[in-house]
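Peer 1: Chains as they are written, first to last, in the working numbering: chain A, 65 to 359; chain B, 96 to 434; chain C, 68 to 396; chain D, 99 to 636.
I have a structure I would like to understand better, so I am pasting it below and will then ask my questions one at a time.
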């Protein structure tokens, strides 16, 4: 009996997956985004094996080869101390993706839990406390506050991640809060309440699954946004510290060499655009996928 | 409406209070010695100690906050440790430049975003629509500093079309300050040459700032135009002989503007934070560059002030957005006044 | 009677993701000068599409007029240039739409919309431009004509501030302000309660009579057209299935669909609740071959599945035509 | 009618643009100068070389350095130690020196300015030491020192008298009793000087504008038929190097007086037409090694760093611009000696030996290297060292905080990173500048002595040099001091390089190179050739 249920559930989920994929794949741009995103992720994971000069991502100087224009030996040229920009961009993706993963895995669960609690306990003191604090964090653009906090913590990747995470949970909190307040009067929540289910059960098993679609969509779009904020902070000089390659830092350094040695700024900048673009395309695809589902 | 604004105001007062407490707390708790930073390396220990006392840095946190709040009520935001001037003086000096920049870029993004959005929505699935969608995808995905650098490389270094930095050419004499907006002030002073220069200088930074918003607004407008085009009233207007341009840019634009304007508050936030980077690239002597500078210099008073100013600006913009939306959309207006 | 509008074998298709919807499948229709014609059919049978085709406001794509002619005073509307169509809309053809709330722009005042309608429709005829004052006066007059109370105040109101009846009156005023020769009223009273329905319909017919315009009154209900029209077309799934003088049709319905429609009208005499018609409007993606009504028809014959019935003259009058093999003689 | 109205706007726009383009673009007699952020043009608080640059334009120092490294009369015509004692000096002032408001500079102004400097304790007060001033007559001032100082006249090239009356008119409430804030707030945006230029406006950290002071006491003369004094100075700040290059090429910037270009850019400048490099003063790259925090508190560890650094690598890149081996003092100063390692190149073997002697395991320690944000030359040294130390298994962490934070870190031993890099020009023309200010135990800490090494013996030796009247004997002491300092490895010195300012060909600088910072960008020493400017950029 149980096994049958499981099989049914599995096939159902497989069916809904293929249906979802069908909807997703109807937009060729989303598929393109997914392909780019996967290649970026794979490149980042296997950076030491893929990049032609992995040692150039670290403490390395070779002044004789500094400022070389793009060529077959150095696809993106070399920087002012002779490091291969292509290799550094590949490693730069690592830091960007790690940033996105860490920030979202810190901000999302905390935001979701707080949002669930605040949404469920409406008109209680706990809702007021959580949502007012959320308001405070949302009162200024995330970049501004993240900038202020990173500066005061002293600039490096870890602090950058902490600062951005601190800026990010309120967005999830507000999203899940509004979802929860509208869901909590639905019949299945009422039913669970009546059957005496625990609060944790109601929040996590009844309400949370219904928040998945919007949260997942937001997460994908946000990953791109987090990377933008991270790159912006590094551009100001508050990110990955040298010699490790931060994409924003590379753009900032390269900007000093414009226009003669344009490749130093242009390629890292394009690399940033590509990864954000792929996240956005995938996010839009997910939104289409879920939006059709809802109708 | 008044009742609504008052309630918003009270709410924002609370938020700003919390914001100041937050940023104040972070600033005071973090490691590093602001007094030392302010006085530089040549200062003696005695000088540093005196300075700490003067700035109440030796007092416990609540006392410090109390002193800060007390002087805030007198309109005093303290002295900048970086420029050694009252923060309010700095703000007065730098805010107009940023306001001018954001205003111009706002107008740019509104006009271009709306027009492309309307056209893309009207001719949806045409080549124009496809192209504008592609560009808008890229526009949204490109961080402001990258846009700025691409623009600089293309328009300044390659085509030599626009100047690279500043509000005016370096040797130019700024117009007498009336509004602080160089272009406007120049026109008032009758210096059209300066005004043109100002326009030339503001073009690239404003365009760099506008790109993301153009993309975003274009997309939203396209969707809502496409949605509204299906509505009966468009057919009705057409049938009753109202010309197509009037339908498109009046009867359709107004309802389609509502979603665009509704996200304008968020768009402004983007624009303001993007200004942080764009002003750096273009050496725009504005508030955002000042903000970055004081942040990098751990200039406590200035940081708190800068964050609060942004909070206030954000709040004001949201209220304006609400008012504009309710002006555009009688449904909301009537709901609000009708109670 | 000279025909004002003549639709010949009109075919309209909609392209959607899954394929093409064959929505209008050869529609024929004639409206004479000054004639009051009714068009009745279930929701979704293509009435609105027909009207929109005539007005040339079908969204193309997805819609596509794949065949047929629409002759207005002998000229094919489908071949007209946009400018000609625009001039047709000013003073020749007008329409009232089903949902008055949807047909009014929600974010402009009634006065504003009426103002533009009057301004542009009057500007067309090479007349002197009307002054603001004149337009305003006309707006009020037009509203008053439709029996709108307090019409001056109404001008500064938004559609959502008005009741359903008032909104419909505004729509009618807009439609009438152009003094069109042909007025197509697409279910103008569907969303109103019965007393207001009757009132509005009466006023509408009075106004049309006064202006000596032709009217095409569209409804899903036979009851509505009975008193107001001279001739009725019955439409089913993109085809005209029957046309007759109104009184002939009610007296002697020939097509099984018409009969079923008449049966489903609730009667005050109380013969129990009407049964409605078995089944649903067909799927336009793969409509039934032959007569589109055959899957729902109680009198289905083998030929119905294969061949599309042409119009046969039936009943007592030459004007009574039916597209049903039952009436083949 | 409607159509006409629609076109009206178009016509108006065209008209405005036309009008705008009609406004002539005549060549202006102005010099736009890029410097580092000048926050403090007040000579009583100015303390960095870019402040000094501006101060030299707005104010006049008491004594002026010569290109040869000697001194010449300026405001003071003559100075003598009274009774042959080096702690009591008498100065005779020039008469007729005019302040910008027309008032005459007298002994009273000198005394007031010295009192102000001492009371505020900012700016170069530390360089001058404790000084008591008293006016003997209208043009004679006595300055008494706490300790004998043979190079006191040299340090007075960093003392600029202010206009007492003007300052007193503008004091605001402050910490200095009857003197309020000593005019500090007002002087941030105005000047009270007698220099060749008068401040017009100042927006701290952004822009400072000044115009020529007609009544400057040294007068103004043209050098050639077309070489005339510069009428208007505009100091701009904080521009990115890419931008600066663009501004130079387009003729919008006349003098780049920050020297922060990368060597790639310098190469470009050498090739570019219409602009050229000026070697303005010698500078020493110095990487301080903090002797108070592990692992650099161990002298062997410090030596290991000294030997591990690949001197040739970066220096070779700058050789075309005059880079050379550096020592403790600038090589052009009397008494310069070469310091280890000799020959000056990487010696990993020696480095390993020293490392073995140290108490630290290279695998377990991290060395922190900080440089000033945005300075590529400083980052390069760090990256080079990072690669070099990696060969020894030592991890070097690099960070580039912005200047105020960076310099403030050096204010306390525990916040000073292991390694900090600075480029030191001499502020007064004497080896004493390097020795006293950087290694005297009284001056330990701060950016000038971020090694935190206080040695009484070195202090005594420096004191002795300061009280030695005979020049040759003093130079001998300087030599032994250098040896002593080198043995402790308080720093390593990547290379010495002249400061390179880029100017337009039509802006002509002094023919000679001054040994110190200020005079080089005293625009009284520059002339502009307007004809050439018209030809090149007009």
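By construction, the Cβ of each residue, glycine as well, lies at the ideal position given by its N, Cα and C atoms.
Since residue 586 of chain D contacts residue 546 of chain D with CB under 8 Å, what's their CB separation in whole angstroms?
Peer 2: In the fourth chain, the residue the question calls residue 586 of chain D occupies position 488. In the fourth chain, the residue the question calls residue 546 of chain D occupies position 448. Contact flag wrong, Cβ pair sits at about 16 Å.
Peer 1: Taking C-beta pairs closer than 7 Å, name the residues in chain D that residue 124 of chain A reaches, listed in chain order.
Peer 2: Position 60 of the first chain, counted from the first residue, corresponds to residue 124 of chain A. What residue 124 of chain A touches in chain D: 485.
Peer 1: For residue 252 of chain C, which residues in the same chain have their Cβ closer than 6 Å to its Cβ, ignoring the five residues on either side in sequence?
Peer 2: Against the third chain, residue 252 of chain C aligns to sequence position 185. Around residue 252 of chain C: 163 and 284.
Peer 1: Using 7 Å as the threshold, is the C-beta distance between residue 305 of chain C and residue 121 of chain C below it?
Peer 2: On the third chain, position 238 is the one that residue 305 of chain C refers to. On the third chain, position 54 is the one that residue 121 of chain C refers to. No, the pair does not count as a contact, with Cβ atoms beyond the cut-off.
Peer 1: With 16 other CB atoms within 10 Å as the buried threshold, where does residue 97 of chain B fall?
Peer 2: Along the second chain, one-based indexing puts residue 97 of chain B at 2. It counts as exposed.
Peer 1: Within the 7 Å Cβ cut-off, does residue 235 of chain B reach chain D?
Peer 2: What you label residue 235 of chain B is simply residue 140 of the second chain in a count that begins at 1. Not closer than 7 Å to any Cβ of chain D, the Cβ of residue 235 of chain B fails to qualify, so no.
Peer 1: Residue 239 of chain C touches chain B at which residues, Cβ-Cβ below 8 Å?
Peer 2: Within the third chain, residue 239 of chain C is the residue found at index 172, counting from 1. Near residue 239 of chain C there are no residues of chain B at all, since even the closest Cβ is about 12 Å away, more than 8 Å.
Peer 1: Got a sec? Which residues, its chain only, sit under 7 Å from residue 320 of chain B by beta carbon, not counting five neighbours each side?
Peer 2: Against the second chain, residue 320 of chain B aligns to sequence position 225. The residues are 212, 213, 216, 217, 347 and 351.
Peer 1: Could you tell me the distance, in whole angstroms, from the CA atom of residue 247 of chain A to the CA atom of residue 265 of chain A?
Peer 2: Against the first chain, residue 247 of chain A aligns to sequence position 183. Against the first chain, residue 265 of chain A aligns to sequence position 201. Residue 247 of chain A and residue 265 of chain A: Cα-Cα distance of roughly 15 Å.
Peer 1: Show which residues of chain A have a CB atom less than 7 Å away from the CB atom of residue 238 of chain B.
Peer 2: Taking the second chain and counting its residues from 1, one reaches residue 238 of chain B at position 143. The contacting residues are 292, 295, 296 and 336.
Peer 1: State buried or exposed for residue 87 of chain D, treating a residue as buried only when at least 16 other CB atoms are found within 10 Å of its CB.
Peer 2: Any property of residue 87 of chain D remains undetermined from this structure, which presents chain D solely from 99 to 636.
Peer 1: Pick helix, strand or coil for residue 352 of chain A, following the three-state DSSP scheme.
Peer 2: To locate residue 352 of chain A, count along the first chain from 1; it is residue 288. If DSSP states are grouped into helix, strand and coil, residue 352 of chain A belongs with the helices.
Peer 1: By the three-class DSSP mapping on this structure, what secondary structure does residue 508 of chain D have?
Peer 2: As a position in the fourth chain, residue 508 of chain D is number 410, starting the count at 1. Correct three-state label for residue 508 of chain D: coil.
Peer 1: Would you list, in chain order, the members of the segment 259 to 271 of chain B that have their beta-carbon closer than 7 Å to a beta-carbon of chain D?
Peer 2: Answer set for the segment 259 to 271 of chain B: 259, 260, 264, 265 and 266.
Peer 1: Between the Cα of residue 168 of chain D and those of D:626, D:535, D:529 and D:514, spot the shortest distance and give me the residue it belongs to.
Peer 2: As a first step, residue 168 of chain D must be located in the fourth chain, where it is residue number 70. Here the closest residue by C-alpha is D:529.
Peer 1: Considering only DSSP beta bridges, list what residue 162 of chain D is partnered with.
Peer 2: Along the fourth chain, one-based indexing puts residue 162 of chain D at 64. For residue 162 of chain D, which the question treats as bridged, DSSP gives the partners D:170.
Peer 1: Check whether the Cβ of residue 257 of chain B lies closer than 7 Å to any Cβ atom in chain A.
Peer 2: Working through the second chain from its first residue, we reach residue 257 of chain B at position 162. Not closer than 7 Å to any Cβ of chain A, the Cβ of residue 257 of chain B fails to qualify, so no.
Peer 1: Excluding the five sequence neighbours on either side, which residues of its own chain have a C-beta within less than 8 Å of the C-beta of residue 174 of chain B, listed in chain order?
Peer 2: Taking the first residue of the second chain as 1, we reach residue 174 of chain B at position 79. Excluding residues within five positions, the ones whose Cβ falls inside 8 Å are 180, 181, 182 and 396.
Peer 1: For residue 378 of chain B, go through chain D and note every residue whose CB falls closer than 8 Å to its CB, in chain order.
Peer 2: As a first step, residue 378 of chain B must be located in the second chain, where it is residue number 283. Chain D residues near residue 378 of chain B: 336, 337, 338 and 341.
Peer 1: Select from C:307, C:276 and C:303 the residue whose C-alpha is nearest the C-alpha of residue 297 of chain C.
Peer 2: As a working note, residue 297 of chain C is residue 230 in the third chain. That would be C:276, whose Cα lies nearest to the Cα of residue 297 of chain C.
Peer 1: When DSSP builds the beta bridges, which residues end up paired with residue 196 of chain D?
Peer 2: What you label residue 196 of chain D is simply residue 98 of the fourth chain in a count that begins at 1. In DSSP, residue 196 of chain D forms a bridge with D:202.
Peer 1: Helix, strand or coil: how does DSSP classify residue 426 of chain D here?
Peer 2: Here the question's residue 426 of chain D lines up with position 328 in the fourth chain. DSSP places residue 426 of chain D in coil when its eight states are reduced to three.
Peer 1: Identify which residue in A:114, A:160, A:118 and A:103 has its Cα closest to the Cα of residue 289 of chain A.
Peer 2: Locating residue 289 of chain A in the first chain gives position 225, counting from the first residue. It is A:160.
Peer 1: Does the beta carbon of residue 211 of chain A sit closer than 7 Å to a beta carbon anywhere in chain B?
Peer 2: Start at 1 with the first residue of the first chain, and residue 211 of chain A comes out as number 147. By this cut-off, residue 211 of chain A is an interface position.
Peer 1: So for residue 341 of chain B, helix, strand or coil by DSSP?
Peer 2: As a position in the second chain, residue 341 of chain B is number 246, starting the count at 1. Residue 341 of chain B: helix per DSSP, three-state reduction.
Peer 1: Taking the CB atoms as reference points, tell me whether residue 110 of chain B and residue 203 of chain A lie closer together than 7 Å.
Peer 2: As a first step, residue 110 of chain B is located in the second chain; it is residue number 15 there, counting from the start. As a first step, residue 203 of chain A is located in the first chain; it is residue number 139 there, counting from the start. Cβ distance < 7 Å, so residue 110 of chain B and residue 203 of chain A count as in contact.
Peer 1: Residue 134 of chain C by DSSP, collapsed to three states: which one?
Peer 2: The sequence position of residue 134 of chain C within the third chain is 67, counting from 1. Of the three classes helix, strand and coil, the one that applies to residue 134 of chain C here is strand, per DSSP.
Peer 1: Excluding the five sequence neighbours on either side, which residues of its own chain have a C-beta within less than 8 Å of the C-beta of residue 507 of chain D, listed in chain order?
Peer 2: Sequence index remark: in the fourth chain, residue 507 of chain D carries index 409 (1-based). The answer, listed in chain order, is 468, 499, 513, 514, 515 and 518.
Peer 1: Give the straight-line distance between the Cα atoms of residue 319 of chain A and residue 326 of chain A, rounded to the nearest whole angstrom.
Peer 2: To locate residue 319 of chain A, count along the first chain from 1; it is residue 255. To locate residue 326 of chain A, count along the first chain from 1; it is residue 262. For residue 319 of chain A and residue 326 of chain A, the distance between alpha carbons rounds to 8 Å.
Peer 1: Per DSSP, what kind of secondary structure is residue 318 of chain A in: helix, strand or coil?
Peer 2: Taking the first residue of the first chain as position 1, residue 318 of chain A is located at position 254. Helix at residue 318 of chain A.
Peer 1: Under a CB-based cut-off of 7 Å, is residue 118 of chain A close to chain D?
Peer 2: By one-based count along the first chain, residue 118 of chain A stands at place 54. Closer than 7 Å: no.
Peer 1: Could you spell out where the beta strand (DSSP E) holding residue 296 of chain B opens and where it closes?
Peer 2: As a working note, residue 296 of chain B is residue 201 in the second chain. It is not in any beta strand (DSSP E) - residue 296 of chain B instead sits in the alpha helix (DSSP H) that spans 287 to 324.
Peer 1: If we ignore side chains and look at the alpha-carbon of each, how far apart do residue 385 of chain C and residue 272 of chain C end up?
Peer 2: Translated into positions along the third chain, residue 385 of chain C becomes position 318. Translated into positions along the third chain, residue 272 of chain C becomes position 205. Using only the alpha carbons, I get a separation of about 27 Å.
Peer 1: Identify, in the order they occur along the chain, each residue of the same chain with its Cβ nearer than 6 Å to the Cβ of residue 477 of chain D, setting aside the five sequence neighbours on each side.
Peer 2: For the purposes of this step, residue 477 of chain D is taken as the residue at position 379 of the fourth chain. Correct list, in chain order: 469.
Peer 1: Is DSSP giving residue 217 of chain C helix, strand or coil here?
Peer 2: Taking the third chain and counting its residues from 1, the one referred to as residue 217 of chain C is at position 150. Coil at residue 217 of chain C, not helix or strand.
Peer 1: Report buried or exposed for residue 337 of chain C, applying the criterion of at least 16 other Cβ atoms within 10 angstroms of its Cβ.
Peer 2: On the third chain, residue 337 of chain C is found 270 positions in, with the first residue counted as 1. Bear in mind that the predicted position of residue 337 of chain C carries a pLDDT of just 46, short of 50, making it too unreliable to give a figure here.
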